[in-house]
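>
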Amino acid sequence: MKGSKPKAKAKSVLPGFGISMGFTIFYLCLIVIIPLSAVFIKTSGMTLPQFWETITNPRVLASYRVSFLTAFAAALINVVFGLLVAWVLVRYRFPGKKLVDSLIDLPFALPTAVAGIALTAIYAPNGWVGSLLQPLGIKIAFTPLGITIALVFIGLPFVVRTVQPVLQDLEKDTEEAAVMLGAYRLRTFTRVILPDLIPPLLTGFAMAFARGLGEFGSVVFISGNMPLKTEIAPLLIMTKLEQYDYMGATAIALVMLVIAFIMLLIINMLQWWSGRRTIAG
Amino acid sequence: MAGAVTAHLDHTAAQRPQHINESGLVRIILITIALLFLALVVVLPLVTIFMEAFKKGVDVYVASVTEPYALSALKLTLLTAVIAVPLNTLFGVAAAWAITKFRFRGKNILITLIDLPFAISPVIAGLIFVLLFGAQGFFGPWLDERGIQIIFALPGIVLATIFVTFPFVAREIIPLMQAQGTQEEEAAASLGARGWQIFWRVTLPNIKWGLLYGIILCNARAMGEFGAVSVVSGHIRGQTNTLPLHVEILYNEYQFSASFAVASLLLLLAVLTLVAKSIIEWKAEKIKS
Chain R
101 MKGSKPKAKA KSVLPGFGIS MGFTIFYLCL IVIIPLSAVF IKTSGMTLPQ FWETITNPRV
161 LASYRVSFLT AFAAALINVV FGLLVAWVLV RYRFPGKKLV DSLIDLPFAL PTAVAGIALT
221 AIYAPNGWVG SLLQPLGIKI AFTPLGITIA LVFIGLPFVV RTVQPVLQDL EKDTEEAAVM
281 LGAYRLRTFT RVILPDLIPP LLTGFAMAFA RGLGEFGSVV FISGNMPLKT EIAPLLIMTK
341 LEQYDYMGAT AIALVMLVIA FIMLLIINML QWWSGRRTIA G
Chain Z
233 MAGAVTAHLD HTAAQRPQHI NESGLVRIIL ITIALLFLAL VVVLPLVTIF MEAFKKGVDV
293 YVASVTEPYA LSALKLTLLT AVIAVPLNTL FGVAAAWAIT KFRFRGKNIL ITLIDLPFAI
353 SPVIAGLIFV LLFGAQGFFG PWLDERGIQI IFALPGIVLA TIFVTFPFVA REIIPLMQAQ
413 GTQEEEAAAS LGARGWQIFW RVTLPNIKWG LLYGIILCNA RAMGEFGAVS VVSGHIRGQT
473 NTLPLHVEIL YNEYQFSASF AVASLLLLLA VLTLVAKSII EWKAEKIKS
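Heads up: the sequence lines are chains R and Z, in that order. Numbering-wise, the first sequence is residues 101 to 381 according to our numbering. Numbering-wise, the second sequence is residues 233 to 521 according to our numbering.
(1) Residues in its own chain within less than 8 angstroms of Ile346 of chain Z by CB, not counting five upstream and five downstream?
(2) Pull up the distance between the alpha-carbon of Ile362 of chain R and that of Ala175 of chain R, whole angstroms please.
(3) Please identify the residue among Z:Phe365, Z:Ala490, Z:Gly446 and Z:Trp428 whose C-alpha is closest to the C-alpha of Glu299 of chain Z.
(4) Within 10 Å of its beta-carbon, does Trp514 of chain Z have 16 or more other beta-carbons around it, so buried, or fewer, so exposed?
(5) Take the Cβ of Tyr486 of chain Z as the centre, count every other Cβ of all protein chains shown within 10 Å, and call the residue buried at 16 or more, exposed below.
(6) Once you ignore the five residues that flank Phe371 of chain Z on each side, which residues in its own chain have a CB closer than 7 angstroms to its CB?
(7) Roughly how many whole angstroms lie between the Cα atoms of Leu322 of chain Z and Ile315 of chain Z?
(8) Three-state secondary structure (DSSP) at Lys107 of chain R?
(9) Using the Cα positions of Gly427 of chain Z and Leu375 of chain Z, report the straight-line distance between them to the nearest angstrom.
(10) Between the alpha carbons of Ala215 of chain R and Ala421 of chain Z, how many angstroms are there, rounded?
(11) Looking only at its chain, what residues have a beta carbon closer than 6 angstroms to the beta carbon of Gln412 of chain Z, apart from the 5 residues adjacent to it on each side?
(12) Taking only beta carbons into account, state which residues of the region 344-377 of chain R come closer than 7 angstroms to chain Z, listed in chain order.
(13) In chain R, what lies closer than 9 angstroms to Leu364 of chain Z by C-beta?
(14) Tell whether a beta-carbon distance below 8 angstroms holds between Ala351 of chain Z and Ala360 of chain R.
(15) Please list, in chain order, the chain B residues whose beta carbon lies closer than 8 angstroms to that of Arg259 of chain Z.
(16) For Phe126 of chain R, count neighbouring Cβ atoms within 10 angstroms of its own Cβ and tell me buried if that reaches 16, exposed if not.
(17) With a threshold of 16 other CB atoms inside 10 Å of the CB of Glu417 of chain Z, please say whether the residue is buried or exposed.
(18) Along chain Z, in chain order, which residues have C-beta atoms closer than 7 angstroms to that of Tyr127 of chain R?
(19) Compare the C-beta of Ala171 of chain R with all C-beta atoms of chain Z and state if any pair is closer than 8 angstroms.
(20) Could one say the Cβ of Thr344 of chain Z lies closer than 8 angstroms to chain R's Cβ atoms, at least one of them?
(21) Identify whether Arg377 of chain R lies in helix, strand or coil by the three-state DSSP scheme.
(22) Would you please state the rounded distance, in angstroms, between the beta carbons of Val362 of chain Z and Thr312 of chain Z? I believe it to be under 8 angstroms.
(23) Less than 8 angstroms between C-beta atoms, sequence neighbours within five positions excluded: which residues of the same chain meet that for Ala278 of chain R?
(24) I'd like to know if Ser112 of chain R contacts chain Z, where contact means its C-beta is closer than 8 angstroms to some C-beta of that chain.
(25) Looking only at its own chain, which residues have a Cβ that is under 6 angstroms from the Cβ of Val319 of chain R, when we skip the five neighbours before and after it?
(26) Rounded to the nearest angstrom, how far is the Cβ of Ile366 of chain R from that of Ala306 of chain R, given a contact under 8 angstroms?
(27) For Glu377 of chain Z and Tyr344 of chain R, what's the separation of their Cα atoms in angstroms?
(28) Can you tell me whether Ala234 of chain Z is buried or exposed? The criterion is at least 16 other CB atoms within 10 Å of its CB, across all chains shown.
(29) What residues of chain R sit near Gly459 of chain Z, judged by a beta carbon separation below 9 angstroms?
(30) Around the C-beta of Ala209 of chain R, are 16 or more other C-beta atoms found within 10 angstroms, so that it is buried, or is it exposed?
(31) Nearest CA to the CA of Val294 of chain Z: which residue from Z:Ile343, Z:Ala493 and Z:Ala460?
(32) Do you know offhand how far Tyr346 of chain R's Cα is from Lys340 of chain R's?
(33) At the 8 angstroms Cβ level, is Met101 of chain R part of the contact set with chain Z, yes or no?
(34) Compile a chain-ordered list of the residues in the region 215-244 of chain R whose CB is closer than 9 angstroms to at least one CB of chain Z.
(35) The alpha helix (DSSP H) that contains Thr248 of chain R, what's its start and end?
(36) Can you tell me which of the three DSSP states Thr156 of chain R falls into?
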């Protein structure tokens, strides 16, 4: 937005503005804007009481609650462990560091359904970890805890990859100064390093949370999909579609879309705040 | 959103003077906790897929990945990616050119709109195309009269895949091209180079590694998409079943070994993507230094 001059005056010697911009807008409208507007047009066919009744149905409210709480818990866990992982990767040296660093992107590259069946196999009552926890009375698969674990897997790269570059670029000088002034290591961390890390941590949190709200493939296997208990909002949309209840599905989707817009706005504001707009990609 | 950050592990950051570093014991404890966490969250699922895939032996594995339904799913997955990835690449390059080489109003809004598919649930990505082209959709009756099927057919699967992987290439190269500025292109233009010449000779060599990673990531996501494709595919075996959907069907039929065998193919794709990323980062690093 730096060029707040009218378009015509912002002349460039470079060619191709018309064609590249034209194609960009055309393709964006064709694939994203027009299809998305279908959700708004479809819901406008409902009366307000109808819409309200659909989205405040106990089963729908329960699915929002499950999606929200598990995505929030998973994003929080990822902030703590994501920071630790980023810290260890940037600051310490240990064998296999490069390999560990590449592994961080696995959840991003692995198809979600594959992650879903693998996590279910591990945490089901007869699975590797599930069978260890079974005697202790802890159930993971087919409970909100299982959904949270799937979302921790999905969200991890978002936090690590937003914190890592900031941690990398931190100046040593301020830390040096803190030490000279007599601060202990922990105090240096909380007073000097952490404040700089708060914007990327919040951005990572928001990204992991937004992704967790909409996540489907990795959750649907491990959640057990019990209405009111472990049914997530995206699954409820799917169920309504299978019952040909397009209105109901669209109403639930509209609420999630509005939340997604708000999350995207927050993420962009956070990135602008931390001065890393567009770089965190 | 993530994955786009090419984090170059800087070795100088790991070499810190003693007084601004943690004590040896603290370091070891922190490294151990981090590695245990990663082992539990990332490595364990990875190992599980291979263990489960080969649980009933190599014969069952080979049979599972070479049966006709698996092969037709593989074919459909490849076909979808072959259509979706080039289109999104073309879009990514065009969008990056317009956004980074020119000034115009509403640039931030445009970037946000490009990001939009990232923030939207894949299930909603599928739903919107059902609302448009499904039997009860806005264009449903019109398409029906002409005998064109989009939902529960290849076009729907391709559309949903394009939507979900829409921002990947653009998001990968926009920061790169932004950082490089416009001087080199302007110099080429003032020397009389034409549009395509500037792009092929000046811009492309500068962004090729980032572009390549964007394409590879876009491809991995296109081949692995589950939620959006699941809504529009109709799950007809041998016809509209992609590899991830085939994994789901086998799993729900309790054919766990077969399901994990097919899943291991997709895991291989993910691992290859990560290897490619490492090579690309290494190449990009070498050029810089």
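In this text, a Cβ means the ideal position worked out from N, Cα and C, and glycines have one as well.
The answer reads as follows:
(1) Ala327, Phe398, Pro399, Ala402 and Arg403
(2) 17 angstroms
(3) Z:Ala490
(4) exposed
(5) exposed
(6) Leu364 and Phe365
(7) 11 angstroms
(8) Its pLDDT being 45, under 50, Lys107 of chain R is placed unreliably by the model, and nothing is read from it.
(9) 40 angstroms
(10) 49 angstroms
(11) Asn438
(12) Tyr346, Ala349, Thr350, Ala353, Met356, Leu357, Ala360, Met363, Leu364 and Asn368
(13) Ile134, Pro135 and Ala138
(14) yes
(15) Structure shown: chain B not included; protein chains present are R and Z.
(16) exposed
(17) buried
(18) Phe323
(19) no
(20) yes
(21) Annotation note: pLDDT 44 at Arg377 of chain R (below 50); position unreliable, coordinate value reported separately. If DSSP states are grouped into helix, strand and coil, Arg377 of chain R belongs with coil.
(22) In fact, because the Cβ distance is near 17 angstroms, the residues do not count as touching under 8 angstroms.
(23) Arg287, Thr288, Arg291 and Val292
(24) yes
(25) Ile247, Ala250 and Ile332
(26) 5 angstroms
(27) 21 angstroms
(28) Here Ala234 of chain Z scores only 38 on pLDDT, less than 50, and its place in the model is too uncertain to base an answer on.
(29) Thr212, Ala213, Gly314, Glu315, Phe316, Gly317, Val320, Pro334 and Met338
(30) buried
(31) Z:Ala493
(32) 7 angstroms
(33) Residue confidence for Met101 of chain R is low, a pLDDT of 41 falling below 50, so the modelled location carries little weight; the figure read from the coordinates is stated next. Chain Z contact via Cβ: present.
(34) Ala215, Gly216, Ile217, Ala218, Leu219, Thr220, Ala221, Ile222, Gly227, Trp228 and Val229
(35) Pro244 to Asp269
(36) coil
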